[in-house]
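K.L.:
Before anything else, here's the structure in question.
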Amino acid sequence: MDSVRLVKDIMVKEVVTVSPFTTLREALSLMKKHDLKSLVVDKQQPHDAYGLITHTNILKTIVAESGDIDLLHVYDIYTKPVVAVGEDLAVKHVAALMSQQRIKRVLVLNNNELAGLVTMQDIMGPILEMVE
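Quick note on my numbering: the sequence shown kicks off at 154 and runs consecutively.
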């Protein structure tokens, strides 16, 4: 019998976070330093929601609105709340959710605390294995 692949088996556990009060320049610098396309935005209190800022959010703001990366902050453009799943969910359900919602990333939470991040790229490996 095949074992079920779970989110915790494929998620990225070392997630880079940023404060909503960080400037876009600092956020871009973090993305460049860690070679990332997104950062998780920290929650401000225990019952708050996490957010997400992507290079696409930043690019659209800079180009479309002629935004100044030193004057704008993460809180000006990030997405909150973001879609999140539990670490014991089967990968196939996360894949279906991401496909239906047309999203590329989901946060992984454990009791509303950040446990990891899953991207569509993380999912493609296990999906292709199921096809073989």
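Think of the CB as a built atom: it goes at the ideal place given N, C-alpha and C, for glycine as much as any other residue.
If I measure Cβ to Cβ from Thr-209 and keep anything under 7 Å in the same chain, skipping five residues before and after, which residues do I get?
P.N.:
Your numbering for residue 209 matches position 56 in the sequence shown. Nothing meets the Cβ criterion.
K.L.:
Using a Cβ-Cβ cut-off of 7 Å (strictly less than) and excluding sequence neighbours within five positions of Thr-207, which residues of its own chain qualify?
P.N.:
The sequence position of residue 207 within the sequence shown is 54, counting from 1. The residues are Lys-190, Ser-191.
K.L.:
Can you tell me whether Leu-177 is buried or exposed, with buried defined as 16 or more other CB within 10 angstroms of its CB?
P.N.:
Within the sequence shown, numbered from 1, the residue matching residue 177 stands at position 24. So Leu-177 ends up on the buried side.
K.L.:
Per DSSP, which residues does Asn-263 bridge with? Please list them.
P.N.:
Start at 1 with the first residue of the sequence shown, and residue 263 comes out as number 110. Asn-263 pairs with Glu-266.
K.L.:
Tell me whether Thr-175 sits in a helix, a strand or coil according to DSSP, three-state version.
P.N.:
Stepping through the sequence shown from its first residue, residue 175 is reached at position 22. Of the three classes helix, strand and coil, the one that applies to Thr-175 here is coil, per DSSP.
K.L.:
So Leu-159 packs on Asp-241, CB below 8 Å; how close in whole Å?
P.N.:
Within the sequence shown, numbered from 1, the residue matching residue 159 stands at position 6. Within the sequence shown, numbered from 1, the residue matching residue 241 stands at position 88. Going by Cβ atoms, the distance from Leu-159 to Asp-241 rounds to 6 Å, so yes, they are a contact pair.
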